[in-house]
Structure formats: C-alpha cells, structure tokens
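Working notes for the structure below.
Numbering (our numbering), first residue to last: 870 to 1040.
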C-alpha cells in the first residue's frame, strides 16, 4: 500500500519514522531513503543501531537549493536523480517490506526531480513493500493513487517568530 504524509506542518518525517520503528519491531525489513537531508540528521544515529532498518547513505552536507550557485544546483540535480533511481530499483521493492522516501515530493518542489518521473514510478509501483512518501506539496494525481494520505497542517511554529531549528527537535 502507498502512504503519503504531506503539508506545511511539523511531523511528516516523524510519522514515517514511527511507521519504520513499528514495522522493524514486528520483524519487517525497512529501507529509509532521506532526500535533501544530511547524514548527521539526529534520527539517523539511533536508526543506524536498530535491527531491520537499513539507511540509504546521505551526503555529509546539504545546502538549500536557493543558496546554490547554478553549477552546484546542476550537480545536486544529477546526484539526487541518480539517488532516486537507485532507491526505487525493483530489487529494493522485493528486498524490503517497507520503503520510505522521505522528502521525495520536495525534490519535485525544488525542480530536482521531474514530477512526471515520480508519477511514472507510482503508476508502475506494484511492489509488495509498503511505500511511504513525504513532502510539502503533493500533486492531486499522486494523492489519488495512495491508499493513505495525511495532510499535516501548521497552525503555529516557532520559525514564524524567527526561532532557529533546534537539534533533537527539528533536526
């Protein structure tokens, strides 16, 4: 089945990781692929120690796309397109019971991955693995293909008042 967590609220990755922990605890094999996040993201240190959870490697450092120079953006596009293609290979769908593509919709939002590429993957997805996708905005045609879709809406957030992200809370 396909699960989507999207919106501008806090908790999309947290929901996906909660599913990963629950699945791993029941003996399911989980592959976690995080896009646009650095290897040092706090949750990765704990997840790395958990049985039945495999982490796809992340880059050591990730910059916001709006901070990148044109050549950096071109390199990031090539890197993440290849990263996506490796993550969704058919063998991943049979080797694992759950495949989490965290922030995959954000790749489309910032122009790194074509929406059509992701849509084509979803159209052809017939894997046994539970597929969990997160991001800020999701095209309606992708939501229509999901079995579960949860919109997480921000009501209040400290960022709105200039607060910086805090280690262990936001990252």
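Using N, Cα and C, we set each Cβ at its ideal position, and we do this for glycine too.
The model shown is predicted, which means the values in this text are computed figures rather than measured ones.
Open item on the list: Going residue by residue through the segment 924-992, where are the continuous beta strand (DSSP E) segments of at least 3 residues, counting only ones entirely within it?
Closed with: 967-971
Open item on the list: If distances are taken between C-alpha atoms only, which option among 1013, 979 and 964 comes closest to residue 988?
Closed with: Translated into the one-based positions of the chain shown, residue 988 becomes position 119. Nearest C-alpha to residue 988: 1013.
Task: At least three beta-carbon pairs within less than 8 Å, the segment 992-1002 to the segment 921-938 - done: no
- [ ] Along the alpha helix (DSSP H) that carries residue 908, what are the first and last residues, could you check?
- [x] Taking the first residue of the chain shown as 1, we reach residue 908 at position 39. Run containing residue 908: none; DSSP gives neither H nor E here.
Open item on the list: Assuming contact is defined by CB atoms lying nearer than 8 Å, are residue 942 and residue 956 in contact in what I supplied?
Closed with: In the chain shown, residue 942 corresponds to position 73, counting from 1. In the chain shown, residue 956 corresponds to position 87, counting from 1. Not a contact, by the Cβ cut-off of 8 Å.
Task: residue 995 (DSSP reduced to helix, strand or coil) - done: As a position in the chain shown, residue 995 is number 126, starting the count at 1. Looking at residue 995 - three-state DSSP - the assignment turns out to be coil, as it is neither helix nor strand.
Task: Assigned exposure category for residue 936 - 16 Cβ within 10 Å defines buried - done: One-based indexing of the chain shown puts residue 936 at position 67. By the neighbour-count rule (16 or more Cβ atoms within 10 Å), residue 936 is not buried but exposed.
Task: Candidates 920, 909 and 979, of which the one nearest residue 895 by Cα - done: Taking the first residue of the chain shown as 1, we reach residue 895 at position 26. Checked all of 920, 909 and 979; the closest Cα to residue 895 is 920.
Task: residue 871 - DSSP class collapsed to helix/strand/coil - done: The residue given as residue 871 occupies position 2 in the chain shown. Strand, per DSSP.
Task: Beta carbon proximity, residue 886 to chain C, threshold 8 Å - done: Among the protein chains of the structure shown there is no chain C, as only one such chain exists.
Open item on the list: With the cut-off set at 8 Å, would you say residue 994 and residue 899 are in Cβ contact?
Closed with: Looking up residue 994 in the chain shown gives position 125. Looking up residue 899 in the chain shown gives position 30. Against a cut-off of 8 Å, the Cβ pair of residue 899 and residue 994 comes out as no contact.
Open item on the list: Using only the alpha-carbon positions, how far apart do residue 986 and residue 977 sit?
Closed with: In the chain shown, counting from the first residue as 1, residue 986 sits at position 117. In the chain shown, counting from the first residue as 1, residue 977 sits at position 108. If I take the Cα positions, the gap works out to 9 Å.
Open item on the list: Check for me: the alpha helix (DSSP H) holding residue 885 runs from which residue to which?
Closed with: Residue 885 sits at position 16 when you count from the first residue of the chain shown. Element bounds for residue 885: 881-894.
TODO: Report all residues from its chain with a CB closer than 6 Å to the CB of residue 1018; omit the five preceding and five following residues, and keep chain order.
DONE: Counted from its first residue, the chain shown places residue 1018 at position 149. Closer than 6 Å at the Cβ level, and outside the excluded window around residue 1018, lie 873 and 1012.
TODO: Return the bridge partner residues of residue 1018 from the DSSP annotation.
DONE: Along the chain shown, read from residue 1 onward, the residue named residue 1018 stands at position 149. Answer by DSSP bridge pairing, in chain order: 873.
Task: Run of the alpha helix (DSSP H) containing residue 1010, from where it starts to where it stops - done: Counting from one through the chain shown, the residue named residue 1010 turns up at place 141. Unbroken alpha helix (DSSP H) run through residue 1010: 1009-1012.
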